[in-house]
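Numbering follows the working numbering, with no gaps: position 44 of the sequence shown is 515.
By construction, the Cβ of each residue, glycine as well, lies at the ideal position given by its N, Cα and C atoms.
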Amino acid sequence: MAARLQYGLKSLGWPLMVDSPTNQIFPIAANSLLPRLDELCFFNTWCPLDEDHTVIRFVTFFATKQEDVDGLLNELSKNPFRIL
């Protein structure tokens, strides 16, 4: 599921701090999106990238369902999360 999430985020134009081969994905998010993202899903704030962006962390595990990943990606494809 992590690979699906990583591929989906990249397809939506979300930059990644690193292409991760693990169950942890590190996208870069605009700070202005963080409050709305917090209402949508669980994530960790990893580190500030610059004054306007933060690296966040998504973690998948054995119980992560495809429909959960697809649902998140669907929501992220809409405004206000639209990157492109």
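In the three-state scheme derived from DSSP, where H, G and I count as helix and E and B as strand, Leu487 is classed as strand.
Contact annotation, His524 with Ile496: C-beta distance approximately 16 Å; criterion of less than 8 Å not satisfied. Residues of the same chain with a CB within less than 7 Å of the CB of Leu504, apart from the 5 flanking positions on each side, are Pro551 and Phe552 in chain order. With a cutoff of 9 Å on beta-carbon distance, Leu543 and Cys512 are scored as near each other.
Excluding the 5 residues flanking it on each side, Leu547 has same chain C-beta neighbours closer than 7 Å at Leu483, in chain order.
Beta-bridge pairing by DSSP links Cys518 to Val526. For the options Trp485, Asp541 and Leu480, the alpha carbon positioned closest to that of Ala501 is the one of Trp485.
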